[in-house]
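K.L.:
Heads up: the sequence shown at position 443 corresponds to 442 in numbering that gives the first Met the number 0, and the numbers run straight through without jumps. Where is the CB? At the ideal position from N, CA and C, for every residue including glycine. I'd like to ask you about the structure that follows.
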Amino acid sequence: MTEHDDGLAFLPLGGTGEIGMNLNLYRLGETWLAVDCGIGFSGNDTPEAEILVPDPTYIMERRDKLAGLVITHAHEDHIGAVAHLWTRLGCPIYATPFAATVLRRKLGEARLDQQVNIHVIKCGGRFNVGPFDIEFIPVTHSVPEAQAMAIRTPHGLVVHTGDWKLDPSPMVGPPTDVERLRQIGDEGVLALVCDSTNVMTPGASRSEGEVRIGLTELISSLKGRIAVTCFASNVARVETIAMAAQAAGRTVVLVGRSLRNLDVAARECGYLSGVLPFLTEHEANDLPDEQVVMIITGSQGEPRSALSRIASDTHPSIALGEGDTVIYSSRMIPGNERAIMQVQDNLTRRGVRVITDKDGVMIHCSGHATADDVRTMYDLIRPQYAVPTHGEWRHLTAHAALAQEKGIAAVLLEDGDILNLAPGKVQVVDTAPTGRLAVDGNRLLAMTGDVLTARRKMLFNGIIIASFAVDDEGYVIGEPKISAPGLLEPEEPESIRVREEFAQAIDEIPDELRLDDQAFREAAKTALRRALGRKLQKRPLVDVHVLRV
Ligand SMILES: [Zn+2]
């Protein structure tokens, strides 16, 4: 099986593992289709890099054969890498009105909005991307306009769910289009590529309708100032909080940039129309405590978020204290626990009451399909093959077990596995290189590249750099200079000792090494390592500059 045959294949380049930066590829003959292009947050694993994107090299090398990128929904782990990677992909993009609006704002910030061709596809719409005949099927998720995809090809029909759940009362947008999914199942589906995030949660999904009741009761029972934190993109939740606030006679104030951006995008697309315009944080201070609900960013303990700054009393305009309440209408994303606890601890220290979904109140529900939801999806679609995606290995395995319960063969893939779907046997036939790139200022750096490897080493062991001048014959002129930021203070006795020992050691470098720059530099690096010695029990990055004058 080569990639130039006329078969159909699936290749996840990102999306497996804890850091779910989705980038899925389908190949039909020679033509490629990309589905989603998201970022991941590195958490504690890689402190040298905060935001990661999938390494697109494999598809970049085939970009002349890449027909387009379809976005299933506007979450960061599905849309967030587009602005970082588009110049490497260069293809047209297909998205619903809401995802397109969110994407245009991101591309505008990256000054790419004039170059990128975005085709806006209505929810449930049908369109062609090269030879791929694609139909959107509306599904419920914790962001408006999430779409599953039916991908029709001469070799069969693949259903790609994206992120979804079943919720009879999603509050914003329609429920998952179960009837359409059943009709597509009737057509005969080769493979179901399906979200695994919550597959280990038994039972059926909880509903946003229940959250609306829970938050309305809770907010009306509280006195003092109230702040509620949730994901900015969860427009249904923002509406729920706003409705609950209005029911309690309170005015809603938005605090935090990402919430203000999403509010603009949502209203542009006709959402939040039943909700009064939100006040800004500066207007909040003119209102009595009992008349305010703040919706605030920072549910994941992000250090620069509004909530973290309020908790540490460094927010320029808002303070919370005794008698006030902060409600977490969100879940803890694995890896963020410690940062979230720190914020909650700081709030508690200020006398603020903290309420989370662990307190026996219905103030949050997940946007991902639980075990029973996934079972229902298999009953609707009845695919020949199950391809669990979007989860860690234990989620994918539990998902495969659910499919097998239904008598459906499951294929487990890791990022980079190229799965032949048709014709012939459904099996992994090849592997594409994968990796992660870190967003570092306005560059992308390979996690395994020299720059980040050096930064990792510096982070734990520091760096020591020596410079000295030599004459034509390589004899040292003047005193060497040494700096070791992150390792030694400039004038501490240890710094002085290292400089003196280094000065002596470079005087002893054999004459024959002094004429060749490279050899001289290596010998000087060895001398510097030796001068530093073992007293500090550190092995820092070592560098030497030899200046010929
Ligand atoms: Zn999502």
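State the start and end residues of the unbroken beta strand (DSSP E) segment that holds N419.
P.N.:
Where N419 is concerned, the enclosing beta strand (DSSP E) stretches over D416 to A421.
K.L.:
Taking 6 Å as the cut-off, is the CB of D194 close to at least one heavy atom of ligand 2?
P.N.:
Judged by which ligands are present, ligand 2 is missing from the structure shown, whose ligands are ligand 1.
K.L.:
Tell me, which residues are paired with L22 by DSSP?
P.N.:
DSSP output for L22 lists G13 as bridge partner(s).
K.L.:
Please tell me whether A66 and L88 are closer than 7 Å, where the distance is taken between their beta carbons.
P.N.:
no
K.L.:
Which one or two residues does DSSP pair with K164 in a beta bridge?
P.N.:
T139
K.L.:
Let me know the secondary structure DSSP gives R259 once reduced to three states.
P.N.:
R259 sits in a helix when the DSSP states are folded into three classes.
K.L.:
Any idea which residues DSSP pairs Q426 with across the strands?
P.N.:
DSSP links Q426 through a beta bridge to N419.
K.L.:
Reducing DSSP to helix, strand and coil, say where M148 ends up.
P.N.:
strand
K.L.:
Here's the rule I'm using: 16 or more other beta-carbon atoms within 10 Å means buried, otherwise exposed. How should H77 be labelled?
P.N.:
Counting Cβ neighbours within 10 Å, H77 comes out buried, since at least 16 surround it.
K.L.:
Using a Cβ-Cβ cutoff of less than 7 Å, which residues in the same chain neighbour K456 once the five nearest sequence positions on both sides are dropped?
P.N.:
L540
K.L.:
Between A431 and L12, which are expected to be in contact by the criterion C-beta below 8 Å, what is the C-beta distance as a whole number of angstroms?
P.N.:
That belief holds up - the Cβ atoms of A431 and L12 are roughly 7 Å apart, short of 8 Å.
K.L.:
Are the stretch 110 to 122 and the stretch 277 to 288 touching, with three or more C-beta to C-beta distances below 8 Å?
P.N.:
no
K.L.:
To the nearest angstrom, how far is it from the Cα of M340 to the Cα of E289?
P.N.:
27 Å
K.L.:
Mind listing, in chain order, the residues whose beta carbon lies closer than 7 Å to a non-hydrogen atom of ligand 1?
P.N.:
H72, H74, D76, H77, H140, S141, V142, A145, D162 and G366
K.L.:
Less than 7 Å between the beta carbons of V138 and T175, yes or no?
P.N.:
yes
K.L.:
So, using beta-carbon positions, are I407 and V188 closer together than 7 Å?
P.N.:
At the C-beta level, I407 and V188 stay beyond 7 Å of one another.
K.L.:
Using a Cβ-Cβ cut-off of 6 Å (strictly less than) and excluding sequence neighbours within five positions of A80, which residues of its own chain qualify?
P.N.:
C36, G37, I38 and V52
K.L.:
Can you give the Cα-Cα distance for F277 and P143, rounded to whole angstroms?
P.N.:
19 Å
K.L.:
Using three-state DSSP, classify L540 as helix, strand or coil.
P.N.:
strand
K.L.:
Give the range of the beta strand (DSSP E) segment to which S466 is assigned.
P.N.:
I462 to V469
K.L.:
Tell me the DSSP secondary structure of N197 in three-state form.
P.N.:
coil
K.L.:
Which of the three DSSP states is assigned to L65 in this structure?
P.N.:
strand
K.L.:
Looking at the secondary structure, which residues open and close the alpha helix (DSSP H) in which Y57 lies?
P.N.:
Element bounds for Y57: T56 to M59.
K.L.:
At 3 residues or longer, and completely inside the stretch 451 to 536: list those beta strand (DSSP E) runs for me, N to C.
P.N.:
462 to 469 and 475 to 482
K.L.:
So, helix, strand or coil for E134, using DSSP?
P.N.:
strand
K.L.:
Can you check the stretch 232 to 305 for any alpha helix (DSSP H) of at least 4 residues that lies completely inside it and give the ranges in chain order?
P.N.:
Annotation: the stretch 232 to 305 contains the following complete segments of the alpha helix (DSSP H) (minimum length 4 residues), in chain order: 234 to 246, 256 to 267 and 280 to 283.
K.L.:
Note down the Cα distance separating P489 from N441, rounded to an integer number of angstroms.
P.N.:
32 Å
K.L.:
My understanding is that V325 touches V351, with C-beta atoms under 8 Å, so please give their C-beta distance in whole angstroms.
P.N.:
6 Å
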